[in-house]
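Only one structure is covered here, and it is reproduced in the block below.
In our numbering, the protein residues as written are 692 to 1156.
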């Protein structure tokens, strides 16, 4: 209940269920176990064959195929966040009566509607096997906390390498030995994906080109826009140039852009290549996921439980101390007993003051954790930007201030760096929709050397939620 790191990652791929468990230390190689999906659904006891590290914990990430997630768009103009979940529960239950538990397995994103106004992008489990497998895992006390797909995990990776990702249409081609995964995104949001089986014959590229053209047409129909950028991640036997020639447009090789952060690679699961950084795979990176409603409520109560245990322990120590003090003075004379009475009254007043202080601690504990906030802010800083000052205020409302130096040759380069910073901040924090480049103060850096590239100073303040 108190661990802050994931203990395992469960991956469903090619009709198999894989358990990737963290080793004995942060740097040790992960362990892998697997079971056939159909066997696990037909014989739930087969889960007893798992390694001991994978058993008995529910602090896991579950990566399922993209087509196990469904998506619905709903116009929503209200500013009251408390109305969203009941609204989506009604809509999804009515739209998908075949999914009996759809109201317990969904999440949403806010987005600007293509025709104007705002809308909700509701993502939910739509695959019958997903519900059956979750039930098997729950009965074995292995129910995952977070459910996501490769498409959503790629969102965070693409935002890190492309400042324009949140403003344009993007295609990612993830090419393996026998398949090519196509992921389509529009303005930073996942739209749809396709899995193309690749043959070894001469028609290999022709079949892939046909599927890409069909998918591009679907993309244009859904977004009323065209693709702006194509990324590709290929196996060693292929080259980006071959695919660029086949589809008739420029493609950007993603491998050099991801080289700075090594990722977990497992031969049986090629879809993980480039996807899960070794450094933070088990530390809950910021990705979109679905959490079962009851588990979500339990997670929301964890800080309260910790504060309650701390408060109970402090009161217990205080009362035990008072009891020992009173017991040692039972044989005192009348004057001593009068002193004891006065001390007890004073102690009672001190206890009330102590409880008030603990209430303040509880309120502070329910706010953002300073170390976590600093980590999330630093993860937003684009390459080349240098932090000068970073301040964090935990009093209500919590806020942070940042001053940083930005090297830039011209205004366009500066604007691109700031756009990347704003996009990353909106990913990791719940910021107002109107937060933009206009909220950042810009000035020249007096500490910049005369023969160096132009350098600017930026500063801004964010209220955290």
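Beta carbons: idealized from backbone N, C-alpha and C, even for Gly. If you're wondering where the values come from, they're calculated on a predicted model, not measured in any experiment.
So, using beta-carbon positions, are residue 1110 and residue 1099 closer together than 9 Å? Taking a C-beta distance under 9 Å as the contact criterion, residue 1110 and residue 1099 do not qualify as a contact pair.
What is the residue span of the beta strand (DSSP E) that residue 935 lies within? That residue, residue 935, is in no beta strand (DSSP E); its alpha helix (DSSP H) goes 931 to 938.
Is the beta carbon of residue 852 closer than 9 Å to that of residue 918? No, these two residues do not count as a Cβ contact at 9 Å.
Since residue 923 sits in a beta bridge, which residues does DSSP pair it with? DSSP lists 864 and 944 as partners of residue 923.
Do residue 1116 and residue 1078 have their beta-carbon atoms positioned less than 9 Å apart in this structure? Contact flag unset, no.
Please report the Cβ distance between residue 920 and residue 943, rounded to the nearest whole angstrom; I am assuming they are in contact, meaning their Cβ atoms lie under 8 Å. Yes, they are in contact, since the Cβ atoms of residue 920 and residue 943 sit about 7 Å apart, within 8 Å.
Can you tell me which of the three DSSP states residue 633 falls into? This structure cannot settle anything about residue 633, because the visible part of the chain is limited to 692 through 1156.
Identify, in the order they occur along the chain, each residue of the same chain with its Cβ nearer than 8 Å to the Cβ of residue 1106, setting aside the five sequence neighbours on each side. 1128, listed in sequence order.
Look up residue 718 in the DSSP assignment and say whether it is helix, strand or coil. Annotation note: pLDDT 43 at residue 718 (below 50); position unreliable, no value reported.
Anyone know if the C-beta pair for residue 981 and residue 778 falls short of 9 Å? No, the Cβ-Cβ distance between residue 981 and residue 778 is not below 9 Å.
Identify which residue in 1063, 765, 810 and 841 has its Cα closest to the Cα of residue 964. Comparing Cα-Cα distances from residue 964 to each of 1063, 765, 810 and 841, the minimum goes to 841.
Presumed contact (8 Å Cβ cut-off) between residue 1122 and residue 1148, rounded CB distance: 22 Å between Cβ atoms; not a contact.
Start and end residues, beta strand (DSSP E) containing residue 812: It spans 809 to 816 - the beta strand (DSSP E) in which residue 812 sits, taken as one unbroken run.
Candidates 756, 1102, 849 and 863, of which the one nearest residue 960 by Cα: Out of 756, 1102, 849 and 863, 756 has the C-alpha closest to the C-alpha of residue 960.
Hey, quick one: how far does the alpha helix (DSSP H) through residue 880 stretch, first residue to last? It is not in any alpha helix (DSSP H) - residue 880 instead sits in the beta strand (DSSP E) that spans 880 to 888.
Whole angstroms is fine: what's the gap from residue 882's alpha carbon to residue 701's? Using only the alpha carbons, I get a separation of about 24 Å.
Of the residues 811, 869, 1112 and 791, which one's Cα is nearest the Cα of residue 891? The shortest Cα separation from residue 891 among 811, 869, 1112 and 791 belongs to 869.
Quick check on this structure: which residue in 898, 849 and 1063 has the alpha carbon closest to the alpha carbon of residue 861? Ranking 898, 849 and 1063 by Cα distance to residue 861 puts 849 first.
Comparing alpha-carbon positions, which option in 768, 802 and 763 lies nearest residue 783? Ranking the options by Cα distance to residue 783, first place goes to 763.
Straight-line CA distance for residue 794 to residue 780? Going by the C-alpha atoms only, they are around 5 Å apart.
Which whole-angstrom value is the C-beta distance of residue 711 and residue 723, which I expect to be below 8 Å? That pair is a contact at about 6 Å.
Does the beta-carbon distance from residue 796 to residue 863 come in below 9 Å? For residue 796 and residue 863, no; Cβs fall outside 9 Å.
Any idea which residues DSSP pairs residue 1081 with across the strands? According to DSSP, residue 1081 bridges with 1093.
Among the candidates 807, 808, 831 and 803, whose CA atom is the shortest distance from the CA of residue 734? Scanning 807, 808, 831 and 803 for the CA closest to the CA of residue 734 turns up 831.
Limits of the unbroken beta strand (DSSP E) element including residue 701: 699 to 704 is the extent of the beta strand (DSSP E) around residue 701.
Can you find the residues in the same chain that come closer than 7 Å, C-beta to C-beta, to residue 1138, ignoring five residues on each side of it along the sequence? Cβ neighbours of residue 1138 within its own chain (closer than 7 Å, five residues either side excluded): none.
Spatially closest choice to residue 703 from 808, 758 and 737, by CA coordinates: When each option's Cα is compared against that of residue 703, the closest is 758.
Which residue's Cα is closest to the Cα of residue 1130: 955, 1150 and 802? If we check each option's Cα against that of residue 1130, 1150 comes out closest.
If you drop the 5 nearest sequence neighbours on each side, which residues of the same chain put their C-beta closer than 7 Å to that of residue 903? In its chain, beyond the 5 residues on either side, 873 and 938 have a beta carbon closer than 7 Å to the beta carbon of residue 903.
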